[in-house]
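Asker: For reference, the structure I am asking about is given below.
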Amino acid sequence: MPAKPYGDGIEYEAIAFSLVESGEFRVDTSNVRWRQPYEQHPDVYAELLSRPTYNRLSTGRPPLVPAFIALIYLIVGRNQLGFAAVHIAFAVMIAVAQALSVAMVVWYGQRSSRSAAEIAPPMSCAVAVAAAVTLLLAGAHRTISDYATDFLTEPAALFLTQVFVLCGIETSRRSNAFYFSHADVEVRQPGAALAVRWLVPGIVAGLMILARSIFFVWLPGIALMVALAERRHRLRAVWAVAGLVCGAGCVCAPWWVRNCVVSKSFMPLGTQGAIALLGGYNDVARESGGEWQFAAELQLREEMSQRPAFRSASEEQREVMLARAAQQRVSRWIGKNWDELPAMFVRRVITHWNPYDAKTLGWRLLIVLGAIEVMRHGQGFRVWLLGLPVVSTLVVAGLYSVGGRFLVPCHGVLYVLAGLGGLFMARTALRLSHRRLVQA
Numbered sequence: 022m023p024a025k026p027y028g029d030g031i032e033y034e035a036i037a038f039s040l041v042e043s044g045e046f047r048v049d050t051s052n053v054r055w056r057q058p059y060e061q062h063p064d065v066y067a068e069l070l071s072r073p074t075y076n077r078l079s080t081g082r083p084p085l086v087p088a089f090i091a092l093i094y095l096i097v098g099r100n101q102l103g104f105a106a107v108h109i110a111f112a113v114m115i116a117v118a119q120a121l122s123v124a125m126v127v128w129y130g131q132r133s134s135r136s137a138a139e140i141a142p143p144m145s146c147a148v149a150v151a152a153a154v155t156l157l158l159a160g161a162h163r164t165i166s167d168y169a170t171d172f173l174t175e176p177a178a179l180f181l182t183q184v185f186v187l188c189g190i191e192t193s194r195r196s197n198a199f200y201f202s203h204a205d206v207e208v209r210q211p212g213a214a215l216a217v218r219w220l221v222p223g224i225v226a227g228l229m230i231l232a233r234s235i236f237f238v239w240l241p242g243i244a245l246m247v248a249l250a251e252r253r254h255r256l257r258a259v260w261a262v263a264g265l266v267c268g269a270g271c272v273c274a275p276w277w278v279r280n281c282v283v284s285k286s287f288m289p290l291g292t293q294g295a296i297a298l299l300g301g302y303n304d305v306a307r308e309s310g311g312e313w314q315f316a317a318e319l320q321l322r323e324e325m326s327q328r329p330a331f332r333s334a335s336e337e338q339r340e341v342m343l344a345r346a347a348q349q350r351v352s353r354w355i356g357k358n359w360d361e362l363p364a365m366f367v368r369r370v371i372t373h374w375n376p377y378d379a380k381t382l383g384w385r386l387l388i389v390l391g392a393i394e395v396m397r398h399g400q401g402f403r404v405w406l407l408g409l410p411v412v413s414t415l416v417v418a419g420l421y422s423v424g425g426r427f428l429v430p431c432h433g434v435l436y437v438l439a440g441l442g443g444l445f446m447a448r449t450a451l452r453l454s455h456r457r458l459v460q461a
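See below:
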């Protein structure tokens with residue numbers, strides 16, 4: 022099956038089709054060849070097939086996932102086998118991200134041994150228990166695995182976030198090791214070499230942005246995390262952040278320039294962000310606690326369609342006009358309802374971390390214990406494992422929540438924290454048992 026009949030997957034699949042057909046980053050829902058796989062399942066895609074068609078160069082969707090799907094189409098073809106290959110590829114991304122979580126737990130467990138006794142077989146068993154807990158939680162998480170059945174950005178976002186965390190931990194570890202062993206050289210010449218070290222995490226951060234535009238809003242928080250990782254010397258922190266930003270900027274710059282050219286406006290991130298923000302700042306969203314509402318965008322499109330200038334504009338310029346109108350409407354709404362924003366921020370955070378049922382209680386408890394373990398003994402891991410969930414939460418508080426969907430990229434980190442919670446419990450139990458044996 023192609024993309025599911027609802028959500029953003031339809032546009033990502035349409036862009037991939039257009040990249041293969043014409044080499045353009047375009048959404049053309051009127052194309053007969055694009056519609057053919059959907060018309061083979063009229064009961065499933067009845068609502069999609071009945072929508073008004075449109076044909077425009079897209080600036081509203083980031084390019085990485087459609088380009089990846091298009092690559093699969095070029096190799097396998099856009100057919101049932103090609104659709105299956107896309108789903109398999111997304112499943113592999115999720116599986117690799119989960120495997121990286123397990124590897125990071127083992128890495129932490131081995132590095133955090135604080136005495137020779139803890140390297141002995143009993144403490145090695147504690148690390149094995151933690152790895153098993155991580156694998157079990159990751160493998161049993163249906164919410165994440167279900168994303169492999171659609172054409173969405175979540176699998177790539179989860180995978181790239183895990184790669185970024187791994188790069189951040191390793192880069193800061195190598196950087197600090199060099200600092201302590203060559204302190205005199207590093208203090209005198211902290212610039213180019215340090216910036217180059219952080220180019221790779223910056224490149225990964227750029228790929229994250231090209232996979233999902235909301236990661237751009239994460240960038241200030243990520244830069245702060247890098248500065249904290251290099252906090253022993255202020256100038257080192259500045260150069261490290263510069264390397265990160267340069268790496269991300271070099272990756273994203275061509276796409277940002279393209280968006281500005283297509284939109285004929287300074288909109289490097291495209292139009293989707295401004296239009297979508299309206300869904301988080303309107304009366305209905307306020308009543309739902311800041312949860313994103315599509316109705317606000319539909320209402321704006323209906324109102325704009327009544328204007329002659331809008332009807333006579335090209336499809337691309339209509340999106341630009343919608344984005345500008347949405348920005349103005351959001352600004353006016355915030356100005357009138359600024360006193361209600363703190364309550365909305367809190368409720369968004371609550372929604373962001375849904376659900377709150379007995380089924381997830383154990384998973385949340387392990388995350389808390391893992392956070393305690395990292396705070397106590399996780400130097401080198403602390404900034405990365407605790408920083409990203411905090412950054413994600415703050416971004417959602419300021420924008421809007423979508424039923425916890427924006428937390429998906431952080432699930433790899435949460436698996437690690439849960440595994441470290443298991444490590445904390447296993448080590449505590451082993452120490453208590455050892456103490457009792459000694460006393461006996």
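In this note's numbering, the protein residues as written are 22 to 461.
Ideal placement from N, C-alpha and C gives every residue a C-beta, glycine not left out.
By the 10 Å Cβ neighbour count, where 16 or more other Cβ atoms means buried, how is Q349 classified, buried or exposed?
Answerer: Numbered from 1 along the sequence shown, position 328 holds the residue referred to as residue 349. Under this definition Q349 is an exposed residue.
Asker: For E312, list the residues DSSP reports as bridge partners.
Answerer: As a first step, residue 312 must be located in the sequence shown, where it is residue number 291. Looking at the DSSP assignment, E312 forms a beta bridge with S422.
Asker: So which of E191, E175, T182 and A120 has the shortest CA-CA distance to G160?
Answerer: The residue you call residue 160 lines up with position 139 of the sequence shown. The residue with the shortest Cα to Cα distance from G160 is A120.
Asker: For A169, which residues of its own chain have a beta-carbon under 7 Å away from its beta-carbon, when the five flanking residues on both sides are left out?
Answerer: Translated into the one-based positions of the sequence shown, residue 169 becomes position 148. For A169, where only same-chain residues beyond five positions count, the Cβ hits under 7 Å are H108, F111, A112, I115 and P176.
Asker: Starting from N375 and walking both ways along the alpha helix (DSSP H), at which residues does that stretch end?
Answerer: On the sequence shown, position 354 is the one that residue 375 refers to. Here N375 belongs to no alpha helix (DSSP H), and DSSP marks it neither H nor E.
Asker: Relative to the C-alpha of A232, which residue among F172, A261, L215 and S309 is closest?
Answerer: Position 211 of the sequence shown, counted from the start, is the residue given in the question as residue 232. Here the closest residue by C-alpha is F172.
Asker: Taking buried to mean at least 16 other C-beta atoms within 10 Å of its own C-beta, is N100 buried or exposed?
Answerer: Locating residue 100 in the sequence shown gives position 79, where the first residue counts as 1. The residue is exposed, with fewer than 16 neighbouring Cβ atoms inside 10 Å.
Asker: Going by the beta-carbon positions, is the gap between L228 and A244 smaller than 8 Å?
Answerer: By 1-based counting over the sequence shown, the position of residue 228 is 207. By 1-based counting over the sequence shown, the position of residue 244 is 223. No, these two residues do not count as a Cβ contact at 8 Å.
Asker: By alpha-carbon positions, which one of L298, M325, E318 and D378 ends up nearest to G419?
Answerer: Taking the first residue of the sequence shown as 1, we reach residue 419 at position 398. Of the candidates L298, M325, E318 and D378, the one whose C-alpha sits nearest the C-alpha of G419 is L298.
Asker: How big is the Cα-Cα spacing for C271 and G383?
Answerer: As a first step, residue 271 must be located in the sequence shown, where it is residue number 250. As a first step, residue 383 must be located in the sequence shown, where it is residue number 362. Straight-line Cα distance between these residues: approximately 42 Å.
Asker: The alpha helix (DSSP H) that contains L215, what's its start and end?
Answerer: The residue you call residue 215 lines up with position 194 of the sequence shown. Per DSSP, L215 belongs to the alpha helix (DSSP H) from A213 to R218.
Asker: Which one or two residues does DSSP pair with R77 in a beta bridge?
Answerer: Taking the sequence shown and counting its residues from 1, the one referred to as residue 77 is at position 56. Partner(s): V48.
Asker: Could you check the C-alpha separation between L362 and A379 for me, to the nearest Å?
Answerer: Locating residue 362 in the sequence shown gives position 341, where the first residue counts as 1. Locating residue 379 in the sequence shown gives position 358, where the first residue counts as 1. One C-alpha to the other measures close to 30 Å.
Asker: Only counting the same chain, and skipping five residues up and downstream in sequence, which positions put a Cβ closer than 6 Å to that of F201?
Answerer: Your numbering for residue 201 matches position 180 in the sequence shown. Confidence is the limiting factor: at F201 the pLDDT is only 46, short of 50, which leaves the residue's position unreliable, though a coordinate-based value still follows. Closer than 6 Å at Cβ, skipping near neighbours: no residue.
Asker: Leaving aside the five residues before and after A447 along the sequence, list all residues of the same chain whose C-beta is less than 6 Å from its C-beta, in chain order.
Answerer: Counting from 1 along the sequence shown, the entry for residue 447 is found at position 426. Counting only Cβ-Cβ distances below 6 Å, and skipping sequence neighbours, we find A147 and V150.
Asker: Taking P83 and S234 to be in contact with their CB atoms under 8 Å, please state how far apart those CB atoms are, rounded to whole angstroms.
Answerer: As a first step, residue 83 must be located in the sequence shown, where it is residue number 62. As a first step, residue 234 must be located in the sequence shown, where it is residue number 213. Contact flag correct, Cβ pair sits at about 5 Å.
Asker: To the nearest angstrom, how far is the alpha carbon of T292 from that of P222?
Answerer: In the sequence shown, counting from the first residue as 1, residue 292 sits at position 271. In the sequence shown, counting from the first residue as 1, residue 222 sits at position 201. Straight-line Cα distance between these residues: approximately 27 Å.
Asker: Compute the Euclidean distance between the alpha carbons of T155 and A439, then round it to the nearest angstrom.
Answerer: Residue 155 sits at position 134 when you count from the first residue of the sequence shown. Residue 439 sits at position 418 when you count from the first residue of the sequence shown. Straight-line Cα distance between these residues: approximately 7 Å.
Asker: Could you tell me whether the Cβ atoms of G399 and T182 are closer together than 8 Å?
Answerer: Numbered from its first residue, the sequence shown carries residue 399 at position 378. Numbered from its first residue, the sequence shown carries residue 182 at position 161. No, these two residues do not count as a Cβ contact at 8 Å.
Asker: Please report the distance separating the alpha-carbon of K357 from that of Y302.
Answerer: Numbered from its first residue, the sequence shown carries residue 357 at position 336. Numbered from its first residue, the sequence shown carries residue 302 at position 281. Approximately 11 Å, taken between the alpha carbons.
Asker: Excluding sequence positions up to five away, which residues of its chain have a Cβ less than 7 Å from the Cβ of A204?
Answerer: If you number the sequence shown from 1, residue 204 lands on position 183. Model confidence at A204 stands at a pLDDT of 47, short of 50, so the residue's coordinates are unreliable and nothing is read from them.
Asker: If you reduce the DSSP assignment to three classes, tell me which class P289 lands in.
Answerer: Working through the sequence shown from its first residue, we reach residue 289 at position 268. Note: P289 maps to coil in three-state DSSP.
Asker: Please look up how many angstroms separate the CB atoms of I90 and A37, rounded, as I've assumed it's under 8 Å.
Answerer: Against the sequence shown, residue 90 aligns to sequence position 69. Against the sequence shown, residue 37 aligns to sequence position 16. Correct: roughly 4 Å between the Cβ atoms.
Asker: Report the CB separation of G401 from R194 in whole angstroms; it is logged as a contact under 8 Å.
Answerer: Numbered from its first residue, the sequence shown carries residue 401 at position 380. Numbered from its first residue, the sequence shown carries residue 194 at position 173. That pair is a contact at about 5 Å.
Asker: What residue from F236, R307 and Q320 has the CA that sits closest to L415's CA?
Answerer: Here residue 415 is taken as the residue at index 394 of the sequence shown, counted from 1. Closest by alpha carbon: F236.
Asker: Excluding five sequence neighbours on each side, which residues of the same chain lie with their C-beta closer than 7 Å to the C-beta of G31?
Answerer: Here residue 31 corresponds to residue number 10 of the sequence shown, with the count starting at 1. It is Ile, not Gly, that sits at residue 31 in the sequence shown. The answer, listed in chain order, is A24 and L69.
Asker: On a Cα-Cα basis, can you pick out the residue from S71, S43 and G44 that is closest to R56?
Answerer: Start at 1 with the first residue of the sequence shown, and residue 56 comes out as number 35. If we check each option's Cα against that of R56, S71 comes out closest.
Asker: For S335, does the count of other Cβ atoms within 10 angstroms reach 16, so buried, or fall short, so exposed?
Answerer: What you label residue 335 is simply residue 314 of the sequence shown in a count that begins at 1. By the 10 Å Cβ count, S335 comes out exposed.
Asker: Could you name the residues of the same chain whose beta carbon sits closer than 7 Å to that of A263, not counting the 5 residues immediately before and after it, in chain order?
Answerer: Counted from its first residue, the sequence shown places residue 263 at position 242. Counting only Cβ-Cβ distances below 7 Å, and skipping sequence neighbours, we find A216.
Asker: Do A346 and M365 have their C-beta atoms closer together than 8 Å?
Answerer: For this step, residue 346 is matched to residue 325 along the sequence shown. For this step, residue 365 is matched to residue 344 along the sequence shown. Not a contact, by the Cβ cut-off of 8 Å.
Asker: Tell me the residue span of the alpha helix (DSSP H) that contains H108.
Answerer: Translated into the one-based positions of the sequence shown, residue 108 becomes position 87. Taken as a continuous stretch (DSSP letters only), the alpha helix (DSSP H) holding H108 covers Q101 to R132.
Asker: Got a sec, what are the start and stop residues for the alpha helix (DSSP H) E337 sits in?
Answerer: Taking the first residue of the sequence shown as position 1, residue 337 is located at position 316. Run containing E337: E336 to N358, per the alpha helix (DSSP H) assignment.
Asker: Let me check understanding here. Comparing Cα to Cα, which of G242, A250 and V367 lies closest to W219?
Answerer: Start at 1 with the first residue of the sequence shown, and residue 219 comes out as number 198. With distances taken between Cα atoms, W219 lies closest to A250.
Asker: Judging by CA-CA distance, which residue of L78, V423 and V127 is the nearest neighbour of L40?
Answerer: For the purposes of this step, residue 40 is taken as residue 19 along the sequence shown, with counting starting at 1. Measuring from the Cα of L40, the nearest candidate turns out to be L78.
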